[in-house]
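Engineer: Residue numbers (this note's numbering): -14 to 357.
C-beta atoms are modelled at their ideal positions from N, C-alpha and C, and glycine is treated no differently.
(1) Determine the direct distance from the alpha carbon of residue 11 to that of residue 256, and round the result to whole angstroms.
(2) Under three-state DSSP, which class holds residue 14?
(3) Going by other Cβ atoms of all chains shown within 10 Å of its Cβ, with 16 needed for buried, is residue 350 buried or exposed?
(4) Whole alpha helix (DSSP H) runs in the region 106 to 182 with 4 or more residues, listed along the chain?
(5) So, helix, strand or coil for residue 215, using DSSP?
(6) For the ligand PLP, is there any heavy atom lying closer than 6 Å to the beta carbon of residue -3?
(7) Quick one: give me the first and last residue of the alpha helix (DSSP H) that residue 341 is part of.
(8) Starting from residue 326, follow its DSSP beta bridges and name the residues at the other end.
(9) Can you tell which of 354, 328 and 310 has the C-alpha that lies nearest to the C-alpha of residue 344?
(10) Using a Cβ-Cβ cutoff of less than 8 Å, which residues in the same chain neighbour residue 230 once the five nearest sequence positions on both sides are dropped?
(11) Measuring CB to CB, does residue 41 end up less than 7 Å from residue 203?
(12) Quick one: is residue 2 buried, meaning 16 or more other Cβ sit within 10 Å of its Cβ, or exposed?
(13) Just mark residue 192 as buried or exposed, buried being the case when its beta carbon has 16 or more other beta carbons within 10 Å.
(14) Could you give the first and the last residue of the continuous alpha helix (DSSP H) run that contains residue 254?
(15) By a C-beta neighbour count over all protein chains shown, 10 Å radius and 16 as the cutoff for buried, is residue 304 buried or exposed?
(16) Taking 7 Å as the threshold (beta carbon to beta carbon), is residue 214 in contact with chain C?
(17) Express the C-alpha separation of residue 148 and residue 172 in angstroms, rounding to a whole number.
(18) How is the alpha helix (DSSP H) around residue 42 delimited, first residue to last?
(19) Would you call the region 245 to 253 and the region 323 to 341 touching, i.e. three or more CB-CB distances under 8 Å?
(20) Just reading off the alpha helix (DSSP H) that residue 92 is part of, what are its end residues?
(21) Below 8 Å, how does it come out for the region 267 to 284 and the region 166 to 184: are there three or more Cβ pairs, yes or no?
(22) Classify residue 121: buried if its beta carbon has 16 or more other beta carbons within 10 angstroms, exposed otherwise.
(23) I believe residue 251 touches residue 296 by the beta-carbon criterion, under 8 Å. Please report the beta-carbon distance rounded to the nearest angstrom.
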């Protein structure tokens, strides 16, 4: 999140070309204006949310002009972000349910590779959430009734950082897959290959994080107009993303839910992340050779963390969660709903999940379906 050197002219060109790769040839986007915004804003610290919000206003003018909502061109450009994020499903749900009820802003936290995203699309997630939900002081428990629908994957827009970066920096990802192809020479990636790949990928994420957060705020503002439920994922290493949700979702408009995932055996998460990275390298190389930019964007399977950093990520994430639960985070999270989901990983049997109930007990154990 630190301020870094302004993007070079070739990096700015890469950003512009990345979007030119995915819009129709008839696009009327002012590419000079886009380049100027990238030059001005993409290197600033993304956690300075007021500045990032101002940049999002400028980006909307460039990409959407005075359109009421998302244009067909925009939807083509950010196809993966919207399609896999369930934009349309969230909008339909909002139209049916959120006129009477407050919509939800959900912050999904926890270490990588523990099936956070997979969990929110499981058929049992509503039952688990009902067991886990901790109601903030002074709020009534209206959420165990049929009228108020809890936020799950099927009724929310999931704003995923990795999908946004894969789109906005697809030129860089094409280069990354080219380097991976040369390094592996058609063989399975070695441990050293995966480490190199992960480091390069982390550099892309760092360089284009602010640009992605600018796009993220644009999308959240459009979702708010529709009263859609919105989910945002973070490892939760500090309280910055909690403050972000507070800044972009007014409390009088949205309920806020922090959903924290833990895992019993970090080594299983480490294996999961390494396997995901290997699959991503292979998919990325195949996508590059296909010449289809959308396949390059789709090849990205998650965040940039390699398995070697997960212990530190988990320690930070759990510490921050304890601070928030105990009210020691400078007021952050005081008016939030909370839920803790414990994942039990197993190398020989199906993984399971259960709620940590408000009184600290283990809730019903639910089993993950087969991996697709």
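Structural biologist: For this structure:
(1) Each residue's Cα considered, the two are about 45 Å apart.
(2) coil
(3) exposed
(4) 110 to 117, 146 to 153 and 155 to 169
(5) In the structure shown, residue 215 adopts extended strand secondary structure according to DSSP, grouped into three states.
(6) What this structure holds is no ligand at all, so the ligand PLP is not there to describe.
(7) Note, residue 341: premise wrong, no alpha helix (DSSP H); beta strand (DSSP E) at 337 to 341.
(8) 246 and 340
(9) Ranking 354, 328 and 310 by Cα distance to residue 344 puts 310 first.
(10) Answer for residue 230: 90, 92, 217 and 241, listed in chain order.
(11) yes
(12) Its Cβ having fewer than 16 others within 10 Å, residue 2 is exposed.
(13) buried
(14) Following the DSSP letters along the chain, one finds residue 254 inside the alpha helix (DSSP H) bounded by residues 251 to 275.
(15) exposed
(16) Among the chains in the structure shown there is no chain C, since it carries only a single protein chain.
(17) 27 Å
(18) 34 to 49
(19) yes
(20) First-last for residue 92: 89 to 94, but that is the beta strand (DSSP E), not the alpha helix (DSSP H).
(21) yes
(22) exposed
(23) 6 Å
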